[in-house]
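Notes follow the structure.
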Amino acid sequence: MSEHNHVVNKNGELDVNKVDDAIDRIDEGEKERILANFDSFQSYLSKRIQLAQNIGLGEEQLAQAAEKVAGYLAENEEPRNAEEKLLQELWKVGSKEERHKLAHMLVKLAERRQSH
């Protein structure tokens, strides 16, 4: 896969502008499996965060990516369960700063899952 298909460039820097493209490349069946229930969403997020940490991304970069993903989901996907609906509603009413803090919390939630 060429470099333009990745959200992390060869210098190890996150390009949040490419997050939407990466999400769009996920097969619809896979996307449905990921979003079908909150546990599968958390599991997917946890694996991606572990991968990102392994290549050296820090908490702020992870939160920036999570913020971009959350914004995409809030705008483009219907919630599949009560937890996703709550996250979408919190996202919609939150200020930019509150959304960024929520993204940090989502990263922490996924990291906590890694330790269990």
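Take any residue in the sequence shown, count from 1 to its spot, add 643: that is its number in my numbering.
Ideal placement from N, C-alpha and C gives every residue a C-beta, glycine not left out.
Taking Cβ to Cβ, would you say Leu678 is nearer than 9 Å to Ile692? no
Check each candidate in Gln696, Lys739, Leu749 and Asp670 and name the one with the smallest Cα separation from Leu729. Leu749
CA-CA distance, Ala746 and Glu720? 17 Å
Start and end residues, alpha helix (DSSP H) containing Lys751: Lys739 to Gln757
Euclidean distance between Cα positions of Tyr715 and Val662: 9 Å
Please state the DSSP three-state secondary structure of Leu729. helix
List the residues that DSSP assigns as beta-bridge partners of Val651. Leu657
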